[in-house]
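**Q** Each residue of the sequence shown is one higher than the one before, starting from 40 at the first, in the numbering used here.
Below is one structure. I have some questions about it.
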Amino acid sequence: MTARERWVFLGDSVTDSGRTTGGPPTGDGYVSRIAHAVTERGLDVEVLNRGVNGDQAADVLRRVESDCIELAPDLVSIMVGVNDTWRRYDSDAPVPLEAFTAAFDALVDRLRSVARVVVMTPFLLPVAPGQGEWLIDDLGPKIEVERASARRVGAAIVDAQSAMEMSACAPMDLAFDGVHPTAAGFDTLAAAWIAEVLPAGTAR
40 MTARERWVFL GDSVTDSGRT TGGPPTGDGY VSRIAHAVTE RGLDVEVLNR
90 GVNGDQAADV LRRVESDCIE LAPDLVSIMV GVNDTWRRYD SDAPVPLEAF
140 TAAFDALVDR LRSVARVVVM TPFLLPVAPG QGEWLIDDLG PKIEVERASA
190 RRVGAAIVDA QSAMEMSACA PMDLAFDGVH PTAAGFDTLA AAWIAEVLPA
240 GTAR
């Protein structure tokens, strides 16, 4: 008999999606949709959402032992990075690319030492003046860091930026502020994750 697997989802508010503010344990976003798909497919998997509003890569790294490693996961999905960009523009607190790279690489290395890893890149849809420059100048390079880190350790990559850009929905219908998804946005993220990971029930 195959033992039940445990999948842990780490990230910021996009992952949290109400989990820490009175919502269901898996939140109301893409994680809850993935959990539903897992159940529908008859997979014996426990889905745990450990996303935290406002987290940056360094925050997730700081708590990775208590939030994830101690749970003995079989698979870990990480989606973080947009706050490392957002703080530059809303709080004048930029995160240099070198610091982000160090934190994200350390995080992925620690996760890969204990579990299969899925890296879901952050996204930003330019819906307000200037946000296109945010993507070009700051988040875009951080997304490339995440892709390179995932390739280095053999993690699965879910390209959220591409998934959102390729959607038939208008950007405002996917994320009202460019970052926080609507129901349609969460549907898009979950579909991208499922397409990459669930066919084999594992990260490749």
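All residues carry an ideal CB built from backbone N, CA and C; glycine is no exception.
To the nearest angstrom, how far is it from the Cα of Ser71 to the Cα of Tyr128?
**A** Taking the sequence shown and counting its residues from 1, one reaches residue 71 at position 32. Taking the sequence shown and counting its residues from 1, one reaches residue 128 at position 89. One C-alpha to the other measures close to 30 Å.
**Q** Do you know offhand how far Arg102's Cα is from Glu235's?
**A** Along the sequence shown, one-based indexing puts residue 102 at 63. Along the sequence shown, one-based indexing puts residue 235 at 196. The alpha-carbon atoms of Arg102 and Glu235 are separated by roughly 27 Å.
**Q** Given a cut-off of 8 Å, decide if Thr227 and Asp177 are closer than it, judged by their beta-carbon atoms.
**A** On the sequence shown, residue 177 is found 138 positions in, with the first residue counted as 1. On the sequence shown, residue 227 is found 188 positions in, with the first residue counted as 1. No, these two residues do not count as a Cβ contact at 8 Å.
**Q** Is it buried or exposed for Gly120, if we count other Cβ within 10 angstroms and need 16 for buried?
**A** Position 81 of the sequence shown, counting from 1, holds the residue named residue 120. So Gly120 ends up on the buried side.
**Q** What span of residues does the alpha helix (DSSP H) with Ser175 cover, start to end?
**A** In the sequence shown, residue 175 corresponds to position 136, counting from 1. Reading the sequence as shown, one finds Ile at residue 175 and not Ser. Here Ile175 belongs to no alpha helix (DSSP H), and DSSP marks it neither H nor E.
**Q** Please check the pair Thr140 and Val197, which I expect to be a contact at CB under 8 Å, by giving their CB distance rounded to whole angstroms.
**A** Locating residue 140 in the sequence shown gives position 101, where the first residue counts as 1. Locating residue 197 in the sequence shown gives position 158, where the first residue counts as 1. No, Thr140 and Val197 are not in contact; Cβ-Cβ is about 20 Å, not under 8 Å.
**Q** Thinking Ala138 and Leu100 are a contact (beta carbons under 8 Å), I'd like their distance in whole angstroms, please.
**A** Translated into positions along the sequence shown, residue 138 becomes position 99. Translated into positions along the sequence shown, residue 100 becomes position 61. Not really, about 11 Å apart at Cβ, beyond 8 Å.
**Q** Distance check for Ala202 and Leu252, CA to CA, integer angstroms please.
**A** Since the displayed the chain opens at 40 and closes at 243, residue 252 lies outside it and no answer follows.
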